[in-house]
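Protein chains: 4
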Amino acid sequence: MKEKIPEKINKEEKRLMIIDASEKLFFEKNYEDTTMTEIAKNAGIAKGTLYLYFSSKKDLYFSVVVRGLKLIEDLIRKNIKTCHTGIEKVVMMGKSYVEFYKEYPGYYNLIVNYESQKAHLNPEDPLVRLSYEKSEMIFDYLSKSIIEGIKDKTIRKDVDPQKLAMVLWTQTTGMVQQVKLREILYKKWSNTTPETILDYYIELTKKTLQNNES
Amino acid sequence: MKEKIPEKINKEEKRLMIIDASEKLFFEKNYEDTTMTEIAKNAGIAKGTLYLYFSSKKDLYFSVVVRGLKLIEDLIRKNIKTCHTGIEKVVMMGKSYVEFYKEYPGYYNLIVNYESQKAHLNPEDPLVRLSYEKSEMIFDYLSKSIIEGIKDKTIRKDVDPQKLAMVLWTQTTGMVQQVKLREILYKKWSNTTPETILDYYIELTKKTLQNNES
Amino acid sequence: MKEKIPEKINKEEKRLMIIDASEKLFFEKNYEDTTMTEIAKNAGIAKGTLYLYFSSKKDLYFSVVVRGLKLIEDLIRKNIKTCHTGIEKVVMMGKSYVEFYKEYPGYYNLIVNYESQKAHLNPEDPLVRLSYEKSEMIFDYLSKSIIEGIKDKTIRKDVDPQKLAMVLWTQTTGMVQQVKLREILYKKWSNTTPETILDYYIELTKKTLQNNES
Amino acid sequence: MKEKIPEKINKEEKRLMIIDASEKLFFEKNYEDTTMTEIAKNAGIAKGTLYLYFSSKKDLYFSVVVRGLKLIEDLIRKNIKTCHTGIEKVVMMGKSYVEFYKEYPGYYNLIVNYESQKAHLNPEDPLVRLSYEKSEMIFDYLSKSIIEGIKDKTIRKDVDPQKLAMVLWTQTTGMVQQVKLREILYKKWSNTTPETILDYYIELTKKTLQNNES
DNA sequence: CATGAATGAGCCTTCATTCAT
DNA sequence: AATGAATGAAGGCTCATTCAT
């Protein structure tokens, strides 16, 4: 007697296995240099099977990006729970981003590459929409936290919450992305690590936001 | 009487024309998706002629990157001349970067993509060396200006000049790079432009650096 | 019930078909002037398919050379069995070479061309090694047969077996190779065929080797 | 006042210089791997100038072949003068071929390659005709010398002069050509040089021809 | 005569995708 | 559902030859 249930489970499991394999290769090499043949081999399936689960190579790529996006969302949500004041939340969001970069560096390049090509993508695409939603979520929470911080007097009141949210969000992602590329230079010029720079960045940002009155 | 000089000019002019054509395509699409055939067609020459002026596609790519690098260096040098205090210089460097982005947005992605692949490049390559030199030049000037600012009391004294230079430099490039990718979102969420965000960023950074003591 | 065996056969058969097609073209034109496009067309498959069976054009070329090498080895082995005296064996090796040329003239040029470029080839290459082994095999058997002939008194004893083996082996391959190129001239000058010349060559060589003492 | 005579000389001299340059490259690399650009550079002239002296790359190739052909003809003519008996002349022709190979090894590959492609060449081509004529000349002289040798009793009389001429001529060219390709193997197997083998070949051939009666 | 920039057909190879089994 | 052989368009690059100067 054939058991049907495990089959069902295998279906979704296989999808994940394929993403796992793709991910690994995309990280090690990069999107362009990874071939469908390699992905199939790494996933332990036939090349044709790939197309039963994903409509194209790009689809596979998006799926990995989405996974990364979810990862960072989860990280932020989890970390933020331990915070109480507005400034704590804002700073924690920055720290989460940094943590994400440290923990899952592979997703970084992929997401960054993805973002830098977003302009050429079809905004109707569900995956593209999803990535916009995640960004929106982050931005929303960030501006709410700033307002909260102004109210609870942990953040200076002479700031524009909306603009600040945008700056912080943009600045942090940019910072994290750039820091990696400069690893060699940091070491060369003053024997400093990316981590030190990022910590200093967080500290500095905190100072900037802090309400120094009374 | 035949003039020989125009010949010479034409030679160099054609080189520039080819770079122009490549540039345009690299900006519109990207390096990988641009073909030599297209470049040739766009430059109005035969494919083989391309190889009379550039040894490979990569060589063409580097030439565009170098052009961008020179552009930003010139901009910084020019702008900095009008500044007198340390903080003015630091802020002006940020502004120059922003100005560069506004003036020559296309170079950005290319340089960024170039940087993100630097890890895989041969550090002996003259072009790679050149790009490192430009970075070093900027970083050097930045840290000197910070020290100058601390001395002339325009910059708060509780900062580490070296680390701060690294943060500012990383942060600004990251900021400028990211801001572009978020253009659509800014507009969507609060009808804001990248320019506004960048201006706000500069303003904020200035506040952070300022020496607020009497 | 599906038969699996034919599948297997087809796989190998297709390989052979491709070699057949390559062979034909390599013989008609030559390696350099034959294109992968032509080979594919002649084999009745797509160009890409070629690379499923052979890793490169060179690989295809080697495969044809190896086929020729095997053919001649087989021929020699088969013919030699019928011989008993040393001189018979030596002469038969020459005859086999001649027979090979008559039977498979196309392989000749290819092997010769291959040999004339051997100097530039990587001696580590399995195919190159293989060709050396075949040569060694022939040379070995030849010198053994000469020694045998001296012992059984069918070959004159005033010869140096090693040197003679080298001369015969070199001379015969050279003879056979050249004879083909002179076909037109033979006919023109004395209405003679390559075959007659080769027969005369064999006869003459036999006379040279024979032990004429009582 | 401009001197016209040197100009005229230069014309032919330049032709020779170009052949010199081609020759050098054809020998070092081979026909296929030599480019017109390299030839021009080596000859110290512009690429276009090449076509003022030679109609095509193939023409250049033929010119080198012809030069080689003339060289060997001269060598044979010169050497033969010192001979008096038939067998001496025959043996000397073989020796001359060997000498040619030793003296001008580069021409060898080229001529051989040329010959192996002769089948595909147009027999109307003047160069092709020329090469046939040279061969004819050699063959003619060879058969005449054999007849002479039979008459003066230096060559055994049980040979067919025509066939023998063809065999010797074919055999010697083949021998010389092959010997070079086997250089490595000779050394490997019995530490012998091509020269030793060729000498042994000449000696053996002499024995074969000699009239051993009375 | 001489030049050398320009040409463009053609080369080998790769790889995402399809489809008969 | 799974396979993997087959496809063929496309890619970067080369080079013998031409031709305007």
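Protein chains in written order, with this note's numbering: chain A, 698 to 911; chain B, 698 to 911; chain C, 698 to 911; chain D, 698 to 911.
Cβ coordinates follow ideal geometry from the N, Cα and C atoms, glycine included.
Since this is a predicted model, take the numbers as computed values, not measurements.
Give the interface partners of residue i over in chain C, defined as CB-CB distance under 8 Å, in chain order.
i: Ser-832(D); result: Arg-879 and Leu-882
i: Phe-836(D); result: Leu-882 and Trp-886
i: Thr-889(D); result: Gln-859, Lys-860 and Met-863
Among the residues of its own chain, which have a CB less than 6 Å from the CB of residue i, if the five just before and after it don't count?
i: Tyr-794(C); result: Thr-869 and Val-873
i: Pro-858(D); result: Ser-840, Ile-843 and Ile-844
i: Thr-731(B); result: Leu-722 and Phe-723
i: Ser-760(B); result: Ile-716
i: Ile-769(D); result: Phe-797
i: Ile-702(D); result: For Ile-702(D), the predicted model reports a pLDDT of 48, less than 50, meaning its position is unreliable and no value from the coordinates is stated.
i: Asn-918(C); result: Missing from the structure shown is residue 918(C); chain C here goes from 698 to 911 and no further.
i: Glu-720(B); result: Val-761
i: Arg-712(A); result: Tyr-750
i: Tyr-838(D); result: none
Note down, in chain order, each residue of its chain lying with its Cβ closer than 7 Å to the Cβ of residue i, except the 5 sequence neighbours on either side.
i: Ala-740(C); result: Met-714, Ile-715 and Ala-718
i: Leu-772(D); result: Ser-793, Glu-796 and Phe-797
i: Arg-774(B); result: none
i: Asp-849(C); result: Thr-782 and Gly-783
i: Glu-704(B); result: Because Glu-704(B) sits at a pLDDT of 48, beneath the cut-off of 50, its placement in the model cannot be relied upon, and the following sentence gives the value as read from the coordinates. Here the set comprises nothing.
Classify residue i as helix, strand or coil using the three-state DSSP reduction.
i: Ile-844(D); result: helix
i: Ile-769(C); result: helix
i: Ile-852(B); result: strand
i: Met-698(D); result: Low confidence applies here, because Met-698(D) scores a pLDDT of 45, under 50, leaving its location unreliable; read the following figure in that light. In the structure shown, Met-698(D) sits in coil (DSSP, three-state: anything other than H, G, I, E or B).
i: Asp-896(A); result: helix
Please list, in chain order, all residues of the same chain as residue i whose beta carbon is under 8 Å from its beta carbon, the five residues on each side excluded.
i: Ile-899(B); result: Val-788, Gly-791, Lys-792 and Val-795
i: Val-856(B); result: Ile-843, Ile-847 and Leu-906
i: Thr-890(D); result: Glu-880, Tyr-883 and Lys-884
i: Val-809(D); result: Gln-874
i: Glu-735(A); result: Leu-722
i: Lys-699(B); result: Reliability of the predicted coordinates at Lys-699(B) is poor, the pLDDT of 38 falling under 50, and the value obtained from them is presented with this limitation in mind. Cβ neighbours of Lys-699(B) beyond the five flanking positions: none.
i: Ile-706(C); result: Because Ile-706(C) carries a pLDDT of 49, less than 50, the predicted location of this residue cannot be relied on, and no value is offered for it.
i: Ala-743(B); result: Ala-737
Taking residue i and residue j to be in contact with their CB atoms under 8 Å, please state how far apart those CB atoms are, rounded to whole angstroms.
i: Arg-826(C); j: Asn-909(C); result: Rounded, the Cβ-Cβ distance is 42 Å, inconsistent with contact.
i: Phe-723(C); j: Leu-807(C); result: 6 Å
i: Thr-902(D); j: Thr-851(D); result: Not a contact, Cβ separation roughly 14 Å.
i: Tyr-728(B); j: Tyr-748(B); result: Actually they do not touch by this definition, with Cβ atoms about 17 Å apart.
i: Val-876(A); j: Tyr-811(A); result: Not quite, the Cβ-Cβ distance comes to about 19 Å (not below 8 Å), so this is no contact.
i: Glu-892(B); j: Lys-799(B); result: 7 Å
i: Ile-894(B); j: Lys-860(A); result: 7 Å
Listing by chain order, which chain D residues have their CB less than 7 Å from the CB of residue i?
i: Val-864(C); result: Ile-894, Tyr-897, Tyr-898 and Leu-901
For a contact meaning CB atoms closer than 8 Å, what does residue i contact in chain D?
i: Lys-792(C); result: What Lys-792(C) touches in chain D: nothing, since even the nearest Cβ is about 15 Å away.
Residues of chain B with a CB under 7 Å from the CB of residue i: which are they?
i: Met-872(A); result: Thr-867, Gln-868 and Gly-871
i: Lys-854(A); result: Within chain B, no residue comes near Lys-854(A); the closest Cβ sits about 13 Å away, beyond 7 Å.
Counting only Cβ pairs nearer than 8 Å, list the residues of chain B close to residue i.
i: Lys-904(A); result: Thr-905
So residue i contacts chain A; which residues on that side make the cut at Cβ distance below 7 Å?
i: Val-876(B); result: Thr-867
For a contact meaning CB atoms closer than 8 Å, what does residue i contact in chain A?
i: Glu-729(B); result: Glu-729
Can you pull the chain C residues whose beta carbon is under 9 Å from the beta carbon of residue i, in chain order?
i: Tyr-829(D); result: Ile-881, Leu-882 and Lys-885
Open item on the list: Could you tell me which whole beta strand (DSSP E) segments of length 3 or greater appear in the region 701-768 of chain A?
Closed with: Taking 3 residues as the shortest admissible run, the region 701-768 of chain A contains no complete beta strand (DSSP E) segment at all.
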